[in-house]
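For reference, the structure is listed below as structure tokens.
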Amino acid sequence: METPTLTTMSKESGKKASFLNVAEANNYLGLNLFKLLSKEKGNFFISPFSLSAAFAMLFYGAEKETSEEMINVLGYNIAKIKDEELKLSYQKLLDEIEKSPDSYILTVANSVVSQNKFPFREEYKSLLNEFFKACFWEVNFGGEIGKSIQLINEWVSEKTQKMIPKFLKALSPVTVMVLLNAVYFKGFWMNQFNKKETTREKFNIKGKKNNYKKVEMMHIKEGFSFLWNQSYKALELPYKGGDISMLILLPHLADGLEELERSLSYNFLQDLKDNMRKTKVNVAIPKFKIDYSKSLKEAFENLGVRKVFTEAAELGGLTEEPNGLYASDVIHQAVIEVNEEGSEASAATAIPIGRSLSLPPEFIADHPFMFIIYNVKNNMIFFMGKVEEL
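Take 531 as the starting number for the sequence shown in my numbering and just add one per residue.
Here it is as structure tokens:
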């Protein structure tokens, strides 16, 4: 599973922050984007972490109103992240990711591609290099746009293990810089599904009655963290290593996903974890693959990041020649494949299962559901999406 995020075109943020603060900001942005994008019908899949990292790099070049808009939308305000906290937290987080155990693969790469001899502020380049481990390289956007796109696509393909070979189709002729982030994850279930038990079964497409499709459904009966409340069930499927899990939220009603999405607050993840209990569960989930690519410029404008996309953008922290410099787009692509082996890539009134049953509860994902992949130690959401049709 992997995601590059591109922001075509960042400000000092003083105290050391915990990963929890950055995770809170990341999840705030992620859920707001999720709710906005989920209004569209069909499957979708995004990486809040990839988007947060790309915008954090842009944030350190922003000033005045441009910076303030980002502070609010990226969750820095609500998570109370101050000054040095953000960059120090990203530095430590990237250091931790580099030390990932052999039981799964998680890689993050940042890059800044610019027009030849673009006048960066040296302090901006130093900051991105030190705290975001970003590499800088130059191309000729003006004279060799096709070759520039090819070089960027080769970088993305390499960082995502060739699962996204053609990220960019085109670039604006006025492009002078591209901020890139790529995230790749490959994990194996701690409790793998037996391929012999995978069978063709009905999946309710888009939650509509009598609208079914036969899909490959995976089965397992095992002890998992589980929750049942009045409107949905939640199940956590851990990956080997124990650091990262997939959390699936399944509404009781086949057409209940929209209501479930509306009910979630940005701190829903911790609320869920506080109420989930480990119990033996009969699980059935479909094998699926989602390849989602979309310009998110309009989505970010709707959330409140607007000025950076205009010629009035204040990006003086990035260059000494900021006049007319602005972000022209945010291009995001995310891919996930889930099979028997694993994945490559306000619920405040929850009622936990605490009773003894003669038969284990069931978690049968035969209708639309949402899911997240996150770090169980700090709640950082790396990926999130929904499955409506297969």
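We put the CB at the ideal spot given by N, CA and C, even for glycine.
Quick caveat, the model's predicted, so the values are computed rather than measured.
(message) Once DSSP output is grouped into helix, strand and coil, what is the label at F754?
(response) strand
(message) Helix, strand or coil, according to DSSP, for K594 in the structure here?
(response) Three-state DSSP puts K594 in a helix.
(message) Excluding the 5 residues flanking E727 on each side, which residues of the same chain have their C-beta closer than 7 Å to its C-beta?
(response) H749
(request) Report yes if the C-beta distance between Y620 and A583 is below 9 Å; otherwise report no. (result) yes
(request) Would you check if the distance between the CB atom of M693 and the CB atom of E874 is smaller than 9 Å? (result) yes
(request) Inspect the beta-carbon positions of F648 and T849 and report whether they are closer than 9 Å. (result) Judged by beta-carbon spacing, T849 lies within the 9 Å limit of F648, meaning their Cβ atoms are closer than that value.
(message) Helix, strand or coil, according to DSSP, for E688 in the structure here?
(response) Three-state DSSP puts E688 in a helix.
(request) Return the Cβ separation of Y796 and W719 in integer angstroms, given the expectation that the two are a contact with Cβ distance under 8 Å. (result) Not confirmed; about 28 Å, so no contact.
(request) Kindly indicate which residue of Y742, F650, I635 and E570 has the alpha-carbon position closest to the one of L855. (result) Put simply, of Y742, F650, I635 and E570 the residue whose alpha carbon is nearest the alpha carbon of L855 is F650.
(message) Output needed for F844: all residues of its chain with C-beta closer than 8 Å, excluding positions within five of it in sequence on either side, in chain order.
(response) This sequence places Glu at residue 844; Phe is not what is there. The residues are A592, E593, K594, E595, T596, S597, K837 and P852.
(request) Note the first and the last residue of the continuous alpha helix (DSSP H) segment covering N551. (result) Element bounds for N551: F549 to L567.
(request) From the DSSP output, in three-state form, read off F666 for me. (result) strand
(message) Helix, strand or coil, according to DSSP, for G771 in the structure here?
(response) Three-state result, G771: coil.
(message) Just verifying my parser: in three-state terms, what is the DSSP assignment at N832?
(response) Reduced to three states, the DSSP call for N832 is helix.
(message) Taking only three categories from DSSP, how would you classify R792?
(response) helix
(message) I'd like to check one pair, A784 with H897: are the Cβ atoms closer than 9 Å?
(response) With respect to A784, H897 sits close: the two C-beta atoms are nearer than 9 Å.
(request) Check whether the region 614-630 touches the region 546-566, counting contact only when three or more Cβ pairs, one atom from each stretch, lie closer than 8 Å. (result) yes
(message) Which same chain residues end up closer than 7 Å to A829 when comparing Cβ atoms and leaving out the 5 residues on each side of it in sequence?
(response) Excluding sequence neighbours, A829 sits near L563, L566 and L567.
(request) Figure out for me which residue from H782, N909 and N832 has the closest Cα to the Cα of P578. (result) When C-alpha distances from P578 are compared across H782, N909 and N832, the shortest belongs to N909.
(message) Need the endpoints of the beta strand (DSSP E) that D632 sits in, please.
(response) It is not in any beta strand (DSSP E) - D632 carries neither H nor E in the DSSP assignment.
(message) Starting from S873, trace the beta strand (DSSP E) in both directions and tell me its first and last residue.
(response) G872 to E874
(message) With a threshold of 6 Å on Cβ separation, who are the neighbours of S633 within its own chain once the five nearest residues in sequence on each side are excluded?
(response) Contacts found: K770 and G771.
(request) Just the C-alpha distance for K916 and M806, rounded to the nearest angstrom, thanks. (result) C-alpha separation (whole angstroms): 21 Å.
(request) For the alpha helix (DSSP H) holding K647, just list the boundary residues, first then last. (result) Here K647 belongs to no alpha helix (DSSP H), and DSSP marks it neither H nor E.
(request) Using beta-carbon positions only, say whether A624 and K663 come within less than 9 Å of one another. (result) For the sequence presented, residue 624 should be read as Leu rather than Ala. Result yes, Cβ atoms of L624 and K663 sit closer than 9 Å.
(request) For I735, collect the residues of the same chain with a Cβ closer than 6 Å to its Cβ; drop the 5 residues on either side in sequence, then sort them by chain order. (result) Sequence-distant Cβ neighbours of I735 in its own chain, meaning closer than 6 Å and more than five residues away, are N741, K743 and E919.
(message) Would K716 and I635 be called neighbours here (beta carbons separated by less than 9 Å)?
(response) yes
(request) Count the other CB atoms, across all protein chains shown, that sit within 10 Å of the CB of V704; report buried if there are 16 or more and exposed otherwise. (result) V704 counts as exposed, since fewer than 16 other beta carbons sit within 10 angstroms of its beta carbon.
(request) Please list, in chain order, all residues of the same chain as L657 whose beta carbon is under 7 Å from its beta carbon, the five residues on each side excluded. (result) Contacts found: Y590 and K617.
(message) I need the straight-line Cα distance from V811 to K907, nearest angstrom please.
(response) Distance between the alpha carbons of V811 and K907 is about 24 Å.
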